[in-house]
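J.: Supplied in structure tokens, the structure appears directly below.
2 protein chains.
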Amino acid sequence: MARPNRSRDKVLVAAAELAAERGVSATTVDEIAARAGVAKGSVYYSFPSKEAIFESLIDEAIARVSGRIRDAREDAEPGAALDAVARAMLEGLEADPHVAKVVVGELFRTDRPWRATLAGHRAVLLDELGAALAADGRPASGVDAAARLGAFIMVGFERLAFSPDRTIDECVAAVGSGAPGTAAR
Amino acid sequence: MARPNRSRDKVLVAAAELAAERGVSATTVDEIAARAGVAKGSVYYSFPSKEAIFESLIDEAIARVSGRIRDAREDAEPGAALDAVARAMLEGLEADPHVAKVVVGELFRTDRPWRATLAGHRAVLLDELGAALAADGRPASGVDAAARLGAFIMVGFERLAFSPDRTIDECVAAVGSGAPGTAAR
DNA sequence: GTCTATATGCTGATAGAC
DNA sequence: GTCTATCAGCATATAGAC
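Spelled out as structure tokens, the structure:
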């Protein structure tokens, strides 16, 4: 979605904005076309179906965020991997809150075309978190990673929706290493 | 939803099961009626609209869980409020996973009829968690409560979806006081 | 209270001109 | 590549018999 002047990218942006509010199913192709400023026929030139729009959206977005998180973890100072990952996730959320909302809204859904894709990305994300926890010498089981992921997501959205003046630093302090997570079990 | 022999309750159960998989918008009244074993006309006798079905579902479910959590917190031994609340949430999730999924799927949605209701319940939930944290002498800001809520939800679903043999005790250990949350900041 | 039958608008998708 | 026009099916909701 680097250049939102191309029709395909305008469609993706519009789809993300609308689905962030109402969800994927409640978003119509007519609305997407209208907000993107293109005709419905043009939408179907770039994408074979409505499903395909959201499949691309979700796929490309998670790939972006996963990459950022991996880089952050690998570049982190010793013992600071968790903080780095927390920061990367919160910044990713801030950079593209609409897509993030769409992804989270689809996270627990089972009967979707992109279920497999999403499950794969989810596993990668949990692995990244587990690796960060392990790198910092913390408990790093599946439950631990899931707990962190849930905390990151909820805090990130809480910040975007209700406390936009709260800095990312403060949030990292609340969910990262300086936080109720200091003690290695 | 105490007596699922009444038509109204059968509809609510069916709606929860279907929407847990596909989401609210993708669930049709025809499907709800079919699964509930009643005619569509009967659905519209009990509820004025499809929206109203899910408004009732969400409203009643969160009220139930909030009550359980409050009781758990008030009855908890000194210093054990967080564990008690974690257990109550995980048990609530297990008791009614379908409705829980529906609620979580709608948690971050903004343009919905039940938005206000949901936001109110959400605030109550966060207050409960904050109170539990405070009772245990932990940091209890809005971020801290949100972090816990996110952790509880994600761990609970992780358990239901991928590790059903993991006990609630183990999960409580991972997100409660005996966990990466031991140190008071 | 529960049913069948029906109205009406909207939705995803296509055809074809430019 | 982008548009307008259009279709066929489906979804919510209603009417009215039993």
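These protein sequence lines are chains R and F, in that order. Read in the working numbering, the first sequence has 70 at position 70, and its numbers run on one by one without any break. Here the working numbering runs 1000 ahead of the position in the second sequence, where the first position is 1. The beta-carbon is built from N, C-alpha and C at its ideal position, and this holds for glycine as well.
Would you say the segment 70-78 of chain R touches the segment 168-175 of chain R, given that touching needs at least three Cβ pairs under 8 Å?
T.: The segment 70-78 of chain R vs the segment 168-175 of chain R: no contact.
J.: Compare the Cα-Cα distances from Arg-109/R to each of Arg-1022/F, Val-1013/F and Lys-1010/F and report the closest residue.
T.: Comparing Cα-Cα distances from Arg-109/R to each of Arg-1022/F, Val-1013/F and Lys-1010/F, the minimum goes to Arg-1022/F.
J.: Restricting to Cα atoms, I'd like to know which of Ser-141/R, Ala-134/R and Met-89/R is closest to Ala-63/R.
T.: Nearest C-alpha to Ala-63/R: Met-89/R.
J.: Between Gly-1067/F, Val-1099/F, Arg-1008/F and Gly-1105/F, which has its C-alpha nearest Ala-1036/F's C-alpha?
T.: Among Gly-1067/F, Val-1099/F, Arg-1008/F and Gly-1105/F, the Cα nearest to that of Ala-1036/F belongs to Arg-1008/F.
J.: Which stretch, first to last residue, makes up the alpha helix (DSSP H) that contains Thr-1167/F?
T.: No alpha helix (DSSP H) contains Thr-1167/F, which DSSP labels as neither H nor E.
J.: Find out if the Cβ-Cβ distance for the pair Arg-148/R, Leu-133/R is shorter than 8 Å.
T.: It is a contact, given that the beta carbons lie within the stated cut-off.
J.: Would you tell me roughly how many angstroms separate the C-alpha atoms of Glu-1094/F and Ala-1020/F, rounded to the nearest one?
T.: Roughly 14 Å between the two C-alpha positions.
J.: Measuring only the C-alpha atoms, how far is Ser-49/R from Gly-1176/F?
T.: Ser-49/R and Gly-1176/F: Cα-Cα distance of roughly 45 Å.
J.: Run through chain R and tell me which residues come within less than 7 Å of Thr-1110/F, C-beta to C-beta.
T.: Within 7 Å Cβ-Cβ: Glu-21.
J.: Taking the alpha carbon of Val-1013/F as the point to measure from, which residue in Ser-1025/F, Glu-1060/F and Gly-1041/F has its own alpha carbon closest?
T.: For Val-1013/F, the nearest C-alpha among the options comes from Glu-1060/F.
J.: Within the 8 Å Cβ cut-off, does Phe-54/R reach chain F?
T.: No, its Cβ sits nowhere closer than 8 Å to a Cβ of chain F.
J.: Just to confirm my understanding: we take Asp-186/R, look at its own chain, exclude 5 residues before and 5 after, and list those with CB closer than 8 Å. What are they?
T.: With chain R covering only 1 through 185, there is no way to say anything about residue 186/R.
J.: Quick one: which chain R residues come within Cβ less than 7 Å of Leu-1149/F?
T.: Under the 7 Å cutoff, chain R gives Met-154.
J.: Determine the DSSP secondary structure at Ser-1025/F, reduced to helix, strand or coil.
T.: Looking at Ser-1025/F - three-state DSSP - the assignment turns out to be coil, as it is neither helix nor strand.
J.: Helix, strand or coil for Glu-106/R per DSSP?
T.: Here Glu-106/R sits in helix by DSSP.
J.: Alpha carbon to alpha carbon, what distance is there between Leu-1129/F and Phe-1047/F?
T.: Going from the Cα of Phe-1047/F to the Cα of Leu-1129/F covers about 33 Å.
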